[in-house]
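Note that the working numbering gives residue 19 to position 18 of the sequence shown, counting from 1, and the numbers run on in steps of one.
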Amino acid sequence: MSTRLERFHHDGLVFDVHDSGPEDGDPVVLLHGFPERATSWRAVEPLLHAAGLRTYAMDQRGYSPGARPEGRKHYRVELLAGDVEALVRTIGRPVHLVGHDWGANVAWVVAGQHPDLVRTLTAVSVPHPAAFTAAMTSSDQALRSWYMLMFQLPRVVELTASLGGGRVFERFLRNAGMTRDDVARVRREVLDDGALPHAVGWYRGLPLSDRSVMGRSIKVPTTMVWSDGDVALSRRGAELTERYCRSDYELVVLAGVSHWIPTHAPEALAEAVLERVAGT
């Protein structure tokens, strides 16, 4: 009898999960970023399965059709982390946690709050929240993050996504390194599916979030994966992250790779994850 997890309930919401790989494998939770869904892990998953791991890639709050509450207060970081905690508790055992982009930010918070639920952490692209803040004043990170301020403005992103049939928003994604196929997937899974106004809620909920949950040191073995072709995240944040990790830590730098590491460098990312997992 299959024990596959297709969805779970938390906080009055329903979250979709892509549960795949060996059913007896150690669990790996995969957290996507903006503006993508669980399918962003489709090239990484089989590589982890081949090593005997079972993966749970969830469509997070704002992305799962059954988990799209209205209002930015529902997208505070502590609530996003609570969704992941609920998934891990549903799985019923500690997991290897992997997050990209916004998913990495959430993964940092989960690992900081609940080290008992996380065996290892692999954060992709986005550094520890405190390192990111420090990089804002010691590098060009503030300039790279200009769009985060724009995203705070009501309906601006939604309007941009509708201008010229969405070409303005698509150009923004292409400038960040996405391919035509990547953009087509975002259009199909996020724009056409109606997820964008809720996905942007992650940015708009940030000023309302509990800052104390984002500054905690990480006590689990951790790997930070950063790529030098990332236009959104500076190397400075990746380098500062080690200050906030109290267990075994490694920084992996991928040369010539864009921000979209799970889709553009799945083999290198899977290797980093597997090396971290093997260390335990």
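Note that beta-carbon positions come from the ideal geometry of N, C-alpha and C, so glycine has one too.
Given the structure is predicted, the values throughout are model-derived calculations rather than measurements.
Item	Value
Coil, strand or helix - Tyr64 by DSSP	coil
Own chain residues within Cβ distance below 6 Å of Leu6, not counting five before or after	Val18 and Asp20
Alpha helix (DSSP H) segment containing Glu37, residue limits	Glu37 -> no alpha helix (DSSP H), and no H or E assigned at all.
Burial state of Ser139 (16 or more Cβ within 10 Å)	exposed
Rounded C-alpha distance that separates Pro28 from Tyr64	22 Å
Given Ala271 as reference, the closest of Ser259, Ala68 and Val253 once Cα atoms are compared	Val253
Cβ distance (whole Å) where Gly100 is taken to contact Val107 below 8 Å	6 Å
Distance, Ala44 Cα to Ala52 Cα	14 Å
DSSP three-state assignment for Asp20, whether helix, strand or coil	strand
Check whether Pro347 and Ala177 have beta carbons under 8 Å apart	The structure shown does not extend to residue 347, since the chain is modelled only from 2 to 281, so the question has no answer here.
Simplified DSSP state of Ala124, which is helix, strand or coil	strand
Distance, Leu144 Cα to Gln61 Cα	28 Å
Environment of Asp102 [buried if 16+ CB atoms lie within 10 Å]	buried
Under the three-state DSSP convention, the category Trp261 falls into	coil
Delimiting residues of the alpha helix (DSSP H) encompassing Asp182	Arg181 to Val187
Reduced DSSP secondary structure (H/G/I, E/B, other) of Pro70	coil
Leu81 versus Arg90 - alpha carbon distance	15 Å
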